[in-house]
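Protein chains in written order, with our numbering: chain Z, 2 to 162; chain D, 2 to 162. Glycine included, each C-beta is placed from N, C-alpha and C at the ideal position.
2 protein chains.
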Amino acid sequence: MPDSRPEIVFATPQDAETLTQLQIDFGDEFDEPEPPFEVLLPRFRRFLADPAGFALLARRGGTAVGYAVVALRPAIYNEGGHVATLDELYVRPALRSQGIGAVLLAGAVEESRRRDAGEMHINVDSGDVDARRFYERHGFRNSLPGIDEPVLWYFAEWDSD
Amino acid sequence: MPDSRPEIVFATPQDAETLTQLQIDFGDEFDEPEPPFEVLLPRFRRFLADPAGFALLARRGGTAVGYAVVALRPAIYNEGGHVATLDELYVRPALRSQGIGAVLLAGAVEESRRRDAGEMHINVDSGDVDARRFYERHGFRNSLPGIDEPVLWYFAEWDSD
């Protein structure tokens with residue numbers, strides 16, 4: 002069984018095509034369509050050049066099988082002065098349940114800590130039970146200490162895809 | 002009735018004390034205690050010096066009666082390449098229902114657009130019905146287009162207050 006530990010690397014601008022395709026496949030799988038490749042590609046290029054964000058690639062046998070995208074913002078919530086948001090985390094379906102997601106998440110947390118983030122935020126569809134279980138297993142919570150109700154994510158967009 | 006339009010200004014590092022006190026009062030009102038003044042003050046000072054964030058103060062008669070805190074991060078979700086998070090929005094209880102929150106929110110959106118954010122995110126306690134109604138009235142949604150279930154906010158912290 003090809004269950005060797007994946008190689009985790011920081012994505013560089015040269016990995017923008019790979020990330021773009023993974024992002025499109027991620028969206029297709031969850032019926033949340035992404036913009037076309039040629040629209041998304043320059044966005045990844047720009048993101049990868051921004052010091053306030055980073056992406057990780059999981060490779061096995063030289064092929065990218067998963068990725069994580071993390072962005073940091075300044076915040077007053079901890080001594081480090083930053084919050085990291087895990088904006089994307091995906092492993093190709095055929096390679097799940099082998100711990101690749103956990104290794105990507107651990108790498109995302111490690112690099113976020115190195116960059117002075119004191120916490121990580123993630124938005125998860127309430128119906129995505131697998132993802133919720135995964136994050137809860139890794140110490141993420143959906144309610145603030147002492148408050149027994151979930152926190153909801155709201156958004157408004159004015160520059161829509 | 003003292004219902005004049007508030008003055009909205011960008012907070013500067015000189016406003017750190019004012020923001021710190023407002024933040025503490027905000028936390029007290031919602032039983033989510035903040036760190037002590039002397040811990041929070043340098044965090045606000047640092048935040049206000051960071052070009053990736055800004056704060057707005059609402060003043061009436063020279064007194065600060067409300068504030069908003071916004072931080073930006075790079076993202077692949079829109080052509081502007083940034084997401085703005087409204088991390089705090091507060092108006093003193095005695096001055097509510099006079100449109101001050103709406104003016105602060107409008108100012109936060111306007112400045113976020115100017116800084117190339119294509120969308121704004123907010124985390125709201127599910128039990129905070131007033132806040133949810135306020136944001137929904139101003140165009141914020143809790144579910145993605147085409148998906149009829151709320152999105153949840155998860156977090157993990159390793160540098161806790």
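Rounded to a whole number of angstroms, what is the C-alpha to C-alpha distance between residue i and residue j?
i: Z:Arg97; j: D:Arg74; result: 29 Å
i: D:Gln22; j: Z:Leu57; result: 39 Å
i: Z:Glu8; j: Z:Ala50; result: 22 Å
i: D:Trp159; j: D:Glu33; result: 18 Å
i: Z:His139; j: D:Ala76; result: 24 Å
i: D:Gly147; j: D:Gly119; result: 20 Å
i: D:Leu41; j: Z:Ala103; result: 33 Å
i: D:Val10; j: Z:Gly62; result: 55 Å
i: D:Gly54; j: Z:Thr19; result: 31 Å
i: D:Asp26; j: D:Arg133; result: 20 Å
i: D:Tyr136; j: Z:Tyr78; result: 22 Å
i: D:Ala65; j: D:Gln15; result: 13 Å
i: Z:Tyr91; j: D:Pro94; result: 43 Å
i: D:Pro37; j: D:Arg114; result: 33 Å
i: D:Leu106; j: D:Glu112; result: 10 Å
i: D:Ile101; j: D:Gly108; result: 11 Å
i: Z:Arg44; j: Z:Gly28; result: 16 Å
i: Z:Arg47; j: D:Glu35; result: 36 Å
Assign residue i to one of three DSSP states: helix, strand, or coil.
i: Z:Arg163; result: What the structure shows of chain Z is the stretch from 2 to 162, and residue 163 of chain Z is not part of that stretch, so it cannot be assessed.
i: Z:Gly28; result: helix
i: Z:Leu58; result: strand
i: D:Glu33; result: coil
i: D:Thr64; result: strand
i: D:Leu145; result: coil
i: D:Met2; result: Confidence is the limiting factor: at D:Met2 the pLDDT is only 48, short of 50, which leaves the residue's position unreliable, though a coordinate-based value still follows. Note: D:Met2 maps to coil in three-state DSSP.
i: Z:Glu158; result: strand
i: Z:Ala132; result: helix
i: D:Glu39; result: helix
i: D:Asp16; result: helix
Can you pull the chain Z neighbours of residue i, defined as C-beta to C-beta under 7 Å?
i: D:Thr201; result: Nothing about residue 201 of chain D can be reported from this structure: the residues present for chain D run from 2 to 162 only.
i: D:Ala53; result: Ala53, Arg74 and Pro75
i: D:Arg47; result: Gly82
i: D:Glu30; result: None at all; the shortest Cβ gap to chain Z is about 14 Å.
Check the Cβ of residue i against every Cβ in chain Z and list those closer than 9 Å, keeping chain order.
i: D:Val152; result: Asn124, Val125, Asp126, Ser127, Leu153, Trp154, Tyr155 and Phe156
i: D:Tyr136; result: Tyr155 and Ala157
i: D:Glu44; result: Checking the displayed sequence, the identity of residue 44 of chain D turns out to be Arg instead of Glu. Within 9 Å Cβ-Cβ: Ala76, Ile77, Tyr78, Asn79, Glu80 and Gly82.
Answer yes or no: the CB of residue i versus the heavy atoms of the ligand COA, is any distance below 6 Å?
i: Z:Arg61; result: For the ligand COA, the structure offers nothing, since it holds no ligand at all.
Under 7 Å Cβ-Cβ, which residues of chain D neighbour residue i?
i: Z:Gly140; result: Ala157
Quick one: list the residues of chain D neighbouring residue i, beta-carbon separation under 9 Å, in chain order.
i: Z:Ile25; result: Those do not exist, as Z:Ile25 stays about 11 Å from chain D at its closest Cβ, beyond 9 Å.
Give the list of continuous beta strand (DSSP E) stretches no shorter than 3 residues that lie fully inside the segment 72 to 120 of chain D. 83 to 92
Q) Is the segment 145 to 158 of chain Z in contact with the segment 119 to 130 of chain D, if contact means three or more CB pairs nearer than 8 Å? A) yes
Q: Evaluate the contact criterion for the segment 60 to 71 of chain Z versus the segment 83 to 90 of chain Z: three or more CB pairs, one atom per stretch, below 8 Å.
A: yes
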